[in-house]
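FYI, in our numbering the residues of the sequence shown are 1 to 318.
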Amino acid sequence: MDSSFEYRDCPSCGQDDFKVLFESNMRPYDFNVSYDYKMERYDSQEAAEGYLVPGKEWGRHVKCKNCGLVYMNPIEQVLRTNEYYSKAKNNHAPTVRESYLRTAESQVHLIEKYAKGTRLLDIGCAQGFFLSCASKAGYAVKGVELSQDAAEYARKEFGLDVEVKPFEELEFPADHFDIVTLWQTLEHMSYPLMMLEEVHRILKPGGLVAVSTPNIEAIPAKILGKRWWDIKRLHVNQFSTTTLADILRNSGFRDVSPASYRGFVSLSILVTMLLKYLDIYKGSTALLNSGSPVGKIMDKMMLAYRSRINHCVVLGFK
Ligand SMILES: [Zn+2]
């Protein structure tokens with residue numbers, strides 16, 4: 001193992017006592033393939049097609065014997081992954097736009113039930129779908145995003161204020177925000193505890209944090225195992241509702257509790273995913289992508305689901 005990897009203690013409880021759940025399926029060669037090549041593959045094909053590809057690449061997954069968190073160990077160096085995120089393209093925005101906007105409405109409703117003030121920060125805001133909904137609902141919003149391409153989309157499409165920097169470099173003032181949200185972000189973070197401690201610092205007393213991630217204890221993960229669509233190279237932490245609540249408590253939050261919202265998925269994403277699982281996807285790309293007439297119709301046909309089917313959602317207060 002070369003120096004492009006780093007080993008982590010448990011990113012939640014800090015212990016270094018784990019059992020290996022499964023080994024990496026990547027050869028050293030895979031890690032050394034240039035990022036340009038990887039990005040081309042992820043972004044032009046997988047991302048544009050809904051990026052729900054089973055059985056691609058993953059690192060070694062371990063389970064902490066102390067707190068039960070499942071995490072990747074070792075991980076690729078943060079500088080390398082940040083470079084990847086920075087250059088990540090945004091080709092899948094048209095495919096996911098309608099479904100993500102509708103999911104965002106439900107996430108805003110959830111926030112409205114618990115938040116007292118209006119100053120909101122979304123970390124890992126991607127194309128800004130959630131922030132645009134929150135802004136319409138009256139929140140004073142700000143986003144943080146590493147992908148230059150996604151941030152540009154958020155600015156142009158929705159006129160949003162987005163910082164394109166790693167969150168840990170931003171140094172917001174203490175006691176500043178009423179709400180901080182991390183939708184599908186924490187599973188990407190090499191050091192999620194440090195990040196949540198920083199979120200705690202910048203929240204006002206009584207402020208709300210809302211976090212969602214894929215749920216490794218949910219039914220799809222249990223059935224599909226390593227072929228679950230959320231087992232992938234860039235998901236370096238795999239939370240359950242219990243371990244997600246634990247890491248929030250470990251970083252200083254109180255009154256931590258599970259929550260739920262309504263997610264939406266378009267028929268085009270769902271069918272793409274099914275075809276990929278059945279290994280009969282090739283050839284249907286042209287028919288299903290959002291540029292085609294069939295794709296356009298299917299992008300607009302939505303199915304609603306409860307977030308807990310595949311995700312864990314946890315709220316906490318400072
Ligand atoms: Zn642990």
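Glycine included, every Cβ here is placed at the ideal spot set by N, Cα and C.
Note that this is a predicted model, so its numbers are computed, not measured.
In this structure, how does DSSP classify residue i when only helix, strand and coil are distinguished?
i: residue 132; result: helix
i: residue 182; result: strand
i: residue 142; result: strand
i: residue 328; result: Because residue 328 is not part of the residues shown, which for the chain are 1 to 318, the question remains open.
i: residue 39; result: With a pLDDT of 49 at residue 39, under the threshold of 50, the predicted position of this residue should be treated as unreliable, and no value is reported.
i: residue 277; result: helix
i: residue 86; result: helix
i: residue 322; result: This structure cannot speak to residue 322, because the chain is shown only from 1 to 318.
i: residue 203; result: strand
i: residue 47; result: Below a pLDDT of 50, predicted positions are generally treated as unreliable, and residue 47, at 46, falls in that range; the measurement from the model is reported next regardless. DSSP places residue 47 in helix when its eight states are reduced to three.
i: residue 122; result: strand
i: residue 237; result: strand
i: residue 192; result: helix
i: residue 56; result: coil
i: residue 224; result: helix
i: residue 19; result: strand
i: residue 218; result: coil
i: residue 255; result: strand
i: residue 197; result: helix
i: residue 151; result: helix
i: residue 137; result: coil
i: residue 71; result: strand
i: residue 164; result: coil
i: residue 303; result: strand
i: residue 208; result: strand
i: residue 260; result: coil
Once the 5 residues before and after residue i are set aside, which same chain residues still bring their CB inside 8 angstroms of it?
i: residue 300; result: 98, 266
i: residue 319; result: The requested residue 319 is not part of the displayed model; the chain covers only 1 to 318.
i: residue 242; result: 68, 217
i: residue 66; result: 10, 13, 15, 17
How big is the Cα-Cα spacing for residue i and residue j?
i: residue 334; j: residue 296; result: In the structure as shown, the chain begins at 1 and stops at 318. Residue 334 is therefore absent and cannot be evaluated.
i: residue 270; j: residue 174; result: 42 angstroms
i: residue 256; j: residue 80; result: 33 angstroms
i: residue 195; j: residue 177; result: 15 angstroms
i: residue 95; j: residue 154; result: 15 angstroms
i: residue 129; j: residue 104; result: 7 angstroms
i: residue 315; j: residue 197; result: 15 angstroms
i: residue 114; j: residue 180; result: 12 angstroms
i: residue 78; j: residue 163; result: 19 angstroms
i: residue 100; j: residue 26; result: 31 angstroms
i: residue 183; j: residue 248; result: 14 angstroms
i: residue 245; j: residue 305; result: 22 angstroms
i: residue 19; j: residue 116; result: 42 angstroms
i: residue 191; j: residue 293; result: 43 angstroms
i: residue 228; j: residue 275; result: 15 angstroms
i: residue 92; j: residue 127; result: 10 angstroms
i: residue 16; j: residue 10; result: 6 angstroms
i: residue 170; j: residue 146; result: 12 angstroms
i: residue 226; j: residue 5; result: 22 angstroms
i: residue 152; j: residue 268; result: 25 angstroms
i: residue 46; j: residue 277; result: Low local confidence applies: a pLDDT of 49 at residue 46 is under 50, so the model's placement there is unreliable, and no value is given.
i: residue 24; j: residue 136; result: 43 angstroms
i: residue 220; j: residue 259; result: 19 angstroms
i: residue 156; j: residue 167; result: 21 angstroms
i: residue 75; j: residue 208; result: 30 angstroms
i: residue 250; j: residue 172; result: 21 angstroms
i: residue 102; j: residue 205; result: 30 angstroms
Excluding the 5 residues preceding and the 5 following residue i in the sequence, name in chain order all residues of the same chain whose CB lies nearer than 6 angstroms to its CB.
i: residue 131; result: 122, 125, 141, 143, 160
i: residue 8; result: 73
i: residue 261; result: 106, 107, 110, 307
i: residue 158; result: 128, 132
i: residue 48; result: Unreliable positioning characterises residue 48 in this predicted model, as indicated by a pLDDT of 41, which lies under 50. The coordinate reading is nonetheless provided below. These residues qualify, in order along the chain: 91, 92.
i: residue 165; result: none
i: residue 134; result: 108, 120, 141
i: residue 112; result: none
Can you find the residues in the same chain that come closer than 7 angstroms, C-beta to C-beta, to residue i, ignoring five residues on each side of it along the sequence?
i: residue 21; result: 61, 62, 63, 70
i: residue 118; result: 138, 139, 140, 178
i: residue 233; result: 57, 58, 59
i: residue 85; result: 146, 147
i: residue 185; result: 123, 124
State the CB to CB distance for the pair residue i and residue j, rounded to an integer number of angstroms; the pair is presumed to be in contact (CB under 8 angstroms).
i: residue 200; j: residue 252; result: 5 angstroms
i: residue 318; j: residue 203; result: 4 angstroms
i: residue 210; j: residue 149; result: Rounded, the Cβ-Cβ distance is 25 angstroms, inconsistent with contact.
i: residue 264; j: residue 302; result: 5 angstroms
Under 7 angstroms from any heavy atom of ligand 2, does the C-beta of residue i make it?
i: residue 69; result: Here the bound small molecules are ligand 1; ligand 2 is not part of this structure.
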